[in-house]
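Line by line, the protein sequences give chains G and W. Per this note's numbering, the first sequence starts with residue 152, numbered consecutively. Per this note's numbering, the second sequence starts with residue 152, numbered consecutively. Beta carbons are placed, not taken as given, at the ideal position from N, Cα and C, and that holds for glycine. Remember, it's a predicted structure, so these values are computed and weren't measured experimentally.
2 protein chains.
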Amino acid sequence: MVSLTSAPPFWLRDNCPCPDCRDPRNGQKLFQITELPAALAVDAVHDTRTPDGAPAREVVWAPDGHRSVYPETWLGAHLPGTGTAPGDGRTEDDKEPWAASRFDGGLPEADWDAYTTDPAVRADTLEAVLRLGFALLRNVPVRDRQVLAVARTFGHVRETNYGELFEVRVEADPNNLAFTGARITPHTDNPYRDPVPTLQLLHCLANAARGGDSGLVDGFHAAARLRAEAPEAYEILSRVPVPFAFSDERTELHAHRPLIGVDPAGRIREIRFNNRSIGTLRQPADLLETFYAAYRRFADLLLRTELRLDFRLAPGDCLIFDNTRLLHARTAFAESGDRHLQGAYADIDGLASTLAVLRREVSAR
Amino acid sequence: MVSLTSAPPFWLRDNCPCPDCRDPRNGQKLFQITELPAALAVDAVHDTRTPDGAPAREVVWAPDGHRSVYPETWLGAHLPGTGTAPGDGRTEDDKEPWAASRFDGGLPEADWDAYTTDPAVRADTLEAVLRLGFALLRNVPVRDRQVLAVARTFGHVRETNYGELFEVRVEADPNNLAFTGARITPHTDNPYRDPVPTLQLLHCLANAARGGDSGLVDGFHAAARLRAEAPEAYEILSRVPVPFAFSDERTELHAHRPLIGVDPAGRIREIRFNNRSIGTLRQPADLLETFYAAYRRFADLLLRTELRLDFRLAPGDCLIFDNTRLLHARTAFAESGDRHLQGAYADIDGLASTLAVLRREVSAR
Numbered sequence: 152m153v154s155l156t157s158a159p160p161f162w163l164r165d166n167c168p169c170p171d172c173r174d175p176r177n178g179q180k181l182f183q184i185t186e187l188p189a190a191l192a193v194d195a196v197h198d199t200r201t202p203d204g205a206p207a208r209e210v211v212w213a214p215d216g217h218r219s220v221y222p223e224t225w226l227g228a229h230l231p232g233t234g235t236a237p238g239d240g241r242t243e244d245d246k247e248p249w250a251a252s253r254f255d256g257g258l259p260e261a262d263w264d265a266y267t268t269d270p271a272v273r274a275d276t277l278e279a280v281l282r283l284g285f286a287l288l289r290n291v292p293v294r295d296r297q298v299l300a301v302a303r304t305f306g307h308v309r310e311t312n313y314g315e316l317f318e319v320r321v322e323a324d325p326n327n328l329a330f331t332g333a334r335i336t337p338h339t340d341n342p343y344r345d346p347v348p349t350l351q352l353l354h355c356l357a358n359a360a361r362g363g364d365s366g367l368v369d370g371f372h373a374a375a376r377l378r379a380e381a382p383e384a385y386e387i388l389s390r391v392p393v394p395f396a397f398s399d400e401r402t403e404l405h406a407h408r409p410l411i412g413v414d415p416a417g418r419i420r421e422i423r424f425n426n427r428s429i430g431t432l433r434q435p436a437d438l439l440e441t442f443y444a445a446y447r448r449f450a451d452l453l454l455r456t457e458l459r460l461d462f463r464l465a466p467g468d469c470l471i472f473d474n475t476r477l478l479h480a481r482t483a484f485a486e487s488g489d490r491h492l493q494g495a496y497a498d499i500d501g502l503a504s505t506l507a508v509l510r511r512e513v514s515a516r
Numbered sequence: 152m153v154s155l156t157s158a159p160p161f162w163l164r165d166n167c168p169c170p171d172c173r174d175p176r177n178g179q180k181l182f183q184i185t186e187l188p189a190a191l192a193v194d195a196v197h198d199t200r201t202p203d204g205a206p207a208r209e210v211v212w213a214p215d216g217h218r219s220v221y222p223e224t225w226l227g228a229h230l231p232g233t234g235t236a237p238g239d240g241r242t243e244d245d246k247e248p249w250a251a252s253r254f255d256g257g258l259p260e261a262d263w264d265a266y267t268t269d270p271a272v273r274a275d276t277l278e279a280v281l282r283l284g285f286a287l288l289r290n291v292p293v294r295d296r297q298v299l300a301v302a303r304t305f306g307h308v309r310e311t312n313y314g315e316l317f318e319v320r321v322e323a324d325p326n327n328l329a330f331t332g333a334r335i336t337p338h339t340d341n342p343y344r345d346p347v348p349t350l351q352l353l354h355c356l357a358n359a360a361r362g363g364d365s366g367l368v369d370g371f372h373a374a375a376r377l378r379a380e381a382p383e384a385y386e387i388l389s390r391v392p393v394p395f396a397f398s399d400e401r402t403e404l405h406a407h408r409p410l411i412g413v414d415p416a417g418r419i420r421e422i423r424f425n426n427r428s429i430g431t432l433r434q435p436a437d438l439l440e441t442f443y444a445a446y447r448r449f450a451d452l453l454l455r456t457e458l459r460l461d462f463r464l465a466p467g468d469c470l471i472f473d474n475t476r477l478l479h480a481r482t483a484f485a486e487s488g489d490r491h492l493q494g495a496y497a498d499i500d501g502l503a504s505t506l507a508v509l510r511r512e513v514s515a516r
């Protein structure tokens, strides 16, 4: 039997599961934390059972006499000092970091037909995006705007100044290097946007040009390596906000964020890396000196061959990847050749929600 | 004449404005930081003029012989130790914090006709959203889905599990307290989402019910007060990630973020506050004890009358507000009465971009 003495009263009461305290339909809390009496204390504790017969403990509260019934299983898993606190899936703690050799046995991929018809395949694919940062769908219909339909299988399209979808092909008057045949080194997209789009989709409609191969680098793994190899460089890159900017005739975006974003516990949570859109840093000279040394070191590390997974998108392939973690790249291609991708942005919270609901269905079978 | 001796070489070279280094169409950088020679140094500096005749300095670089021409005005504004570094507009440094009396003379508002026809009025309105956290449009057509048209005047709609738009009215089987007649205390929306929607729009179609008044609280101002009055409470709320959750039949969202989000320099950047969706914190007992004391103190502060701006939305009013800064609330209303708002989410980076482009047009007149 669990003892309740370790539980701070306000914490315990805030977790009261009774229908007066929480809406049974959605778990939303129905009281304000300020409505609890300042002198809140546990008055008495009794053994009891939940309505469906599970062992539980009933707390009678002073001074208001409220009664809370906590299942023993809940207490055993949530009381301070018990179990492991789950994260929200977004920091390095919940990821599987990788170098390219991780995929010697093959990429995390699924056939479009299986993905759309089999919830277990769909769940595995979305799980790969969360855990590894990407997944590849094969044999997706080669159809204009199909990338939007792919995004809608797990979430909502994030429209930007580039539109609901963007065309990655050679353009006559490109407003972005992506729309030329130039080589593009590993980068994350839209670092000048805040909130940054957390997912990107790239759907290949044609890839007959010489060159134009794809590459992915795990930015979380690279940042962790930097932390191990050059802690002072890691520290400065997680601390100094970098001014990212993008501007054309219709747009003027600015965001100031560090290259390595960490959560309050110092865990890696978000990578922004895009040499094309780094603006002018305004810092004291000595900090600029140190920042640039660290930035060059991280950029060098990101170019290491063993970190970079190379592959080639074929028509019908659709790559889904975490734009807060993975850097993507492509080799140069002949501008006379036929290469055409359609891209779209979406958000990873929606994908994680879809996966969680799918898991309920798969496990209810 | 500015001296270049204070400028770290990699920083200065990274800012070379020549067309080989930066795409003149969009300012994107065309080289990688790793492509610069490790032994990069200034070889010589000459006085010169830019193509349009402005005084400038030419730097000749060793060892690669590259030449960079920097206008004197640029150097005077950007060299380390000069000028003031602008922010990206998102932290407390770029905001005007307020208590309710700030608006004794009136709310930041504009008539829909003036807003849609006069770029200066549109610019002032969007500027109010950035600086004060909100603006009110009056006489917006009382039309189904009009809120989406309002959002598209400055940006892109952020679709969520609630749809492209959501109906705020009494529903028979509500999945959220918002869709009942209950009082709702000051909160931010969707804290269980990451990225959280940074802007919210509420368009009033009907408000004939008894009650149902609106309230706004400046969360940045409240957090700054907490920092002044109870630094240890502020510190813990900016440090401890809080598990927010929302779950219904089709959705299961989780985000772990502090109530007070700060940037790496410690400036207030994002408030999340919503008692309804705080899940179970998993921390050592002593930290839970301190956290709950701090949480209750902040919650109390947010209820102070002088912080809360009260007003009533009339049909045709559309409120636009920063959901990362302002908390919104409403008084209870009679469920038999006719009250109907349509809401939508959007993002503030797009609004800031629209404003920046408008300012170019207004100043070019």
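{"Item": "Would you report the Cα separation of Asp473 (chain W) and Leu230 (chain G), rounded to the nearest angstrom?", "Value": "36 Å"}
{"Item": "List the residues of chain G whose Cβ lies closer than 7 Å to the Cβ of Ile387 (chain W), in chain order.", "Value": "Those within 7 Å of Ile387 (chain W) in chain G number zero; the least Cβ separation is about 10 Å."}
{"Item": "Taking only the alpha-carbon atoms, compute the straight-line gap between Glu512 (chain G) and Arg273 (chain G) and give it to the nearest angstrom.", "Value": "12 Å"}
{"Item": "For the alpha helix (DSSP H) holding Leu453 (chain G), just list the boundary residues, first then last.", "Value": "436-453"}
{"Item": "Please tell me whether Thr331 (chain W) and Val321 (chain W) are closer than 9 Å, where the distance is taken between their beta carbons.", "Value": "yes"}
{"Item": "Keeping to the same chain, check which residues put their C-beta closer than 8 Å to that of Thr185 (chain G); ignore five residues upstream and five downstream.", "Value": "none"}
{"Item": "What number of angstroms, rounded off, separates the C-alpha of Val211 (chain G) from the C-alpha of Asp269 (chain G)?", "Value": "48 Å"}
{"Item": "Could you round the C-beta distance between Pro175 (chain G) and Ala190 (chain G) to whole angstroms and report it? I think they count as a contact, below 8 Å.", "Value": "In fact, because the Cβ distance is near 29 Å, the residues do not count as touching under 8 Å."}
{"Item": "Who are the neighbours of Arg310 (chain W) on chain G, taking C-beta pairs under 8 Å?", "Value": "The sequence as given places Glu at residue 310 (chain W); Arg does not occur at that position. The contacting residues are His307, Val308."}
{"Item": "With burial defined as no fewer than 16 other Cβ atoms inside 10 Å of the residue's Cβ, what is the status of His197 (chain W): buried or exposed?", "Value": "exposed"}
{"Item": "Could you pull the DSSP bridge partners for Pro466 (chain W) from this structure?", "Value": "Paired residues: none, contrary to the question."}
{"Item": "Determine, using beta carbons only, whether Pro248 (chain G) and Ala286 (chain G) come nearer to each other than 9 Å.", "Value": "no"}
{"Item": "Could you tell me the alpha carbon to alpha carbon distance between Leu410 (chain G) and Phe161 (chain W), rounded to whole angstroms?", "Value": "17 Å"}
{"Item": "Rank G:Pro188, G:Ser398, G:Val393, G:Arg289 by C-alpha distance to the C-alpha of Leu432 (chain G) and give the top, closest one.", "Value": "G:Val393"}
{"Item": "So, Asp295 (chain W) versus Tyr496 (chain W), is the Cβ gap smaller than 9 Å?", "Value": "no"}
{"Item": "Following the continuous alpha helix (DSSP H) through Gln183 (chain W), name the residue where it begins and the one where it ends.", "Value": "That residue, Gln183 (chain W), is in no alpha helix (DSSP H); it is neither H nor E in DSSP."}
{"Item": "Is the CB of His479 (chain W) under 9 Å away from at least one CB in chain G?", "Value": "no"}
{"Item": "If I follow the unbroken alpha helix (DSSP H) through Ala569 (chain W), where does it start and stop?", "Value": "This structure does not reach residue 569 (chain W), given that chain W is present from 152 up to 516, and the question cannot be answered."}
{"Item": "Whose Cβ in chain W lies nearer than 7 Å to the Cβ of Tyr446 (chain G)?", "Value": "Ile184"}
{"Item": "Which ranges does the alpha helix (DSSP H) cover as unbroken runs of at least 4 residues, wholly within the region 276-319 of chain G, from first to last along the chain?", "Value": "297-303"}
{"Item": "Quick one: which residues of the region 315-349 of chain G get their C-beta closer than 7 Å to a C-beta of chain W? List them in chain order.", "Value": "Asn326, Asn327, Leu328, Thr336, Arg344, Asp345, Pro346, Thr349"}
{"Item": "Using three-state DSSP, classify Thr224 (chain W) as helix, strand or coil.", "Value": "helix"}
{"Item": "Does DSSP put Glu386 (chain W) in a helix, a strand or coil?", "Value": "helix"}
{"Item": "Just to confirm the assignment: which complete alpha helix (DSSP H) runs, minimum length 4, are found wholly within the region 369-422 of chain G?", "Value": "370-380, 382-390"}
{"Item": "What does the alpha-carbon distance come out to for the pair Gly238 (chain W) and Asp324 (chain W)?", "Value": "45 Å"}
{"Item": "Would you identify the three-state DSSP class for Glu153 (chain G), choosing helix, strand or coil?", "Value": "The sequence as given places Val at residue 153 (chain G); Glu does not occur at that position. Residue state, collapsed to three classes: coil."}
{"Item": "List, in chain order, every chain W residue whose beta-carbon is nearer than 7 Å to that of Asn166 (chain G).", "Value": "Thr431"}
{"Item": "Express the C-alpha separation of Phe395 (chain W) and Ile429 (chain W) in angstroms, rounding to a whole number.", "Value": "5 Å"}
{"Item": "Which chain W residues sit within Cβ distance under 9 Å of Val513 (chain G)?", "Value": "The contacting residues do not exist; Val513 (chain G) stays about 14 Å from chain W at best."}
{"Item": "Can you name the residues of chain G whose CB is closer than 8 Å to the CB of Tyr443 (chain W)?", "Value": "Pro159, Phe161, Trp162, Asp165, Ile184"}
{"Item": "At which residues does the beta strand (DSSP E) containing Ile517 (chain W) begin and terminate?", "Value": "With chain W running from 152 to 516 in the structure shown, residue 517 (chain W) is simply not present."}
{"Item": "Let's see if you can read the secondary structure: which residues bound the alpha helix (DSSP H) around Ser503 (chain W)?", "Value": "The displayed chain sequence assigns Ala, not Ser, to residue 503 (chain W). From DSSP, the alpha helix (DSSP H) with Ala503 (chain W) extends over 499-515."}
{"Item": "Taking just the CA atoms, how far does Asp498 (chain W) sit from Val319 (chain W)?", "Value": "20 Å"}
{"Item": "Cutting at 7 Å between CB atoms, please list the residues of its own chain near Gly362 (chain G), excluding the five before and the five after it.", "Value": "Thr482, Ala483, Phe484, Ala485"}
{"Item": "To the nearest angstrom, report how far apart Arg390 (chain G) and Thr242 (chain W) are at their CA atoms.", "Value": "15 Å"}
{"Item": "Looking at C-alpha atoms only, which residue of G:Leu181, G:Glu209, G:Ala205, G:Pro202 is the closest neighbour of Asp194 (chain G)?", "Value": "G:Glu209"}
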